[in-house]
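In what follows, a structure is listed as structure tokens, so that the remarks can point back to it.
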Amino acid sequence: MKIVHVVEPFVSGVAVFVKLLVENLPNDQHIIIHGERKDVAPAEAVKKTFPVKNVKFIKWRSAQRSINPKKDLLAFMELYSILKRLKKKNLVDAVHLHSSKSGFLGRLACRLANIDNVVYTPNGAPFLLKGASPVGMLYKALEKIGSALGGKVVCCSQSEQQVYLSLGIKALNINNGIPVNKNLPQVNLPKGNRFRIVNCARITDQKNPWLFNEIAKQFEGMEQFEFIWVGDGEAREALTSSNIVISGWIPEKKAHEIVSTSDIYLSTSNFEGLSFSVLEALVFKKPVLLTDCVGNKDVVKKGLNGDLFQSAKGAVLKIMQYFNNRKMLTVMGEYSSNYCKQAFNISSTSSMYRNLYSGNNLVA
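Counted the way the working numbering counts, the sequence shown spans residues 1 to 364.
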């Protein structure tokens, strides 16, 4: 089967998602039409992480992040031209659109190119960040218009699916998945007796670094506690607390080492699709303390592998509870690992997408 992936943000979680699908569907041919965000990672660097045997890349040169009618028209025309050319060469059995910009422009382009087998995965509903603001309302309107153009909306968590259903948009759910049999990293990072709290993400509005900072500030002057943000981003200046270490962009192996040495994984996101970093924390047998938001709430079994919180005070209370009961963290970590194997296994995820590409019915 020839599967065409359209990806505007060819970085972070979306790039991980596409890479995992390509790796776990090795008997299919994958063509990736991609944009580039050089401020995060050059496209050439991302491409080097993919297998070489069953994937080809086409650069979507005019694609860009923000909404700009003139530039978006150029991006649409370029994408339509690429898809039309691929179809003419009989290289399109299914088109998978990843993220909101690709989802809207891609569904319009597929409609005009008479491509019917289209799947759209938002991987984080864009209107959730802007809420009831004019921009948020615009994003909602675009999602509704996009759904009318055809294709299947496939959310990556049940809570994200419920958000789309509440807008009157028919949506299916296939959980994001990761390899669940990873070997734990061999770590030589000294930690001493410190209680290490880690987050791994881009430092952006969506990830709410201000809340992370507010939580960390409650522990300033308490040398037993250490906060690490693995990653970097435009909102880096929000992390001012003296007990926060910002790693910057580091190799994946090093990031995994840091997460694996943590006592708990802390996410302060405003919303998620279903975070791959959180899923990796589960694989690494870590309790997770996450904001009670779309995407995060699907990962937590309260009190068994972690907890949800709604305020900095709530997070601080939970951290103190974990600190004073360290023995419980091992048990919670084991539950995290087992739950990930059960609910977020990439083998199941890729198999369900393969069925969807093939036109088989999928139960939501």
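Ideal placement from N, C-alpha and C gives every residue a C-beta, glycine not left out.
Using DSSP with H/G/I as helix, E/B as strand and the rest coil, what is residue i?
i, result
"residue 363", "Because the pLDDT at residue 363 is just 46, under 50, the model does not fix this residue reliably, and the value given afterwards should be weighed accordingly. Looking at residue 363 - three-state DSSP - the assignment turns out to be coil, as it is neither helix nor strand."
"residue 203", "coil"
"residue 121", "strand"
"residue 79", "helix"
"residue 282", "helix"
"residue 37", "strand"
"residue 153", "strand"
"residue 346", "helix"
"residue 84", "helix"
"residue 355", "helix"
"residue 164", "helix"
"residue 105", "helix"
"residue 271", "coil"
"residue 8", "coil"
"residue 116", "coil"
"residue 260", "helix"
"residue 159", "helix"
"residue 371", "Nothing can be reported for residue 371, as the shown portion of the chain is limited to 1 through 364."
"residue 69", "helix"
"residue 50", "coil"
"residue 61", "coil"
"residue 126", "coil"
May I ask you to list the residues that DSSP assigns as paired with residue i?
i, result
"residue 307", "289"
"residue 30", "3, 55"
"residue 266", "289"
"residue 195", "225"
"residue 174", "Beta-bridge pairing links residue 174 to no other residue."
"residue 302", "306"
Given the structure, does residue i come close to the ligand ZN, in the sense that its CB is under 8 Å from one of the ligand's heavy atoms?
i, result
"residue 105", "Ligands displayed in this structure: none; no statement on the ligand ZN is therefore possible."
Starting from residue i, trace the alpha helix (DSSP H) both ways and give me its first and last residue.
i, result
"residue 94", "Residue 94 -> not in any alpha helix (DSSP H); beta strand (DSSP E) instead, spanning 94-98."
"residue 340", "326-343"
"residue 21", "12-24"
"residue 316", "312-323"
"residue 297", "Run containing residue 297: none; DSSP gives neither H nor E here."
"residue 135", "134-148"
"residue 46", "43-47"
Starting from residue i and walking both ways along the beta strand (DSSP E), at which residues does that stretch end?
i, result
"residue 89", "That residue, residue 89, is in no beta strand (DSSP E); it is neither H nor E in DSSP."
In chain order, which continuous runs of the beta strand (DSSP E) of length 3 or greater are located wholly inside the region 198-257? Runs of the beta strand (DSSP E) inside the region 198-257: 225-230, 244-246.
Cβ contact check for the region 152-161 and the region 317-326: 3 or more pairs under 8 Å: For the pair of segments examined, the region 152-161 was found not to touch the region 317-326: the number of CB pairs separated by less than 8 Å stays below three.
Take every Cβ of the region 79-93, pair it with every Cβ of the region 106-116, and state whether three or more of those distances are shorter than 8 Å. Touching, per the Cβ criterion.
Does the contact criterion of 3 or more C-beta pairs under 8 Å hold for the region 233-246 versus the region 259-267? The answer is no - the region 259-267 does not touch the region 233-246, with fewer than three Cβ pairs under 8 Å.
Counting pairs of beta carbons, one from the region 49-65 and one from the region 2-20, are three or more of them closer than 8 Å? Between the region 49-65 and the region 2-20 there are three or more inter-stretch CB-CB distances shorter than 8 Å, so the stretches are counted as touching.
If contact is defined by three or more beta carbon pairs under 8 Å, each pair taking one atom from either stretch, is the region 31-46 in contact with the region 56-72? Contact annotation: the region 56-72 touches the region 31-46, with at least three C-beta pairs closer than 8 Å.
Measuring CB atoms only, is the region 287-299 touching the region 135-143, in the sense that at least three cross pairs come out at less than 8 Å? Result no; under three Cβ-Cβ pairs closer than 8 Å.
Taking 8 Å as the threshold, find out whether the region 329-338 comes into contact with the region 279-288 through three or more Cβ pairs. Contact between the region 329-338 and the region 279-288 is present, because at least three Cβ pairs lie under 8 Å.
Meets three-Cβ-pair contact criterion under 8 Å: the region 298-317 and the region 347-356: Touching, no.
Are there three or more Cβ pairs, one per stretch, closer than 8 Å when the region 87-98 is compared with the region 60-69? Look at the beta carbons and you see the region 87-98 not touching the region 60-69: under three pairs across the two are nearer than 8 Å.
Can we say the region 199-214 touches the region 169-179, given the rule of at least three CB pairs closer than 8 Å? With a cut-off of 8 Å on Cβ pairs, the region 199-214 is not in contact with the region 169-179, counting fewer than three such pairs.
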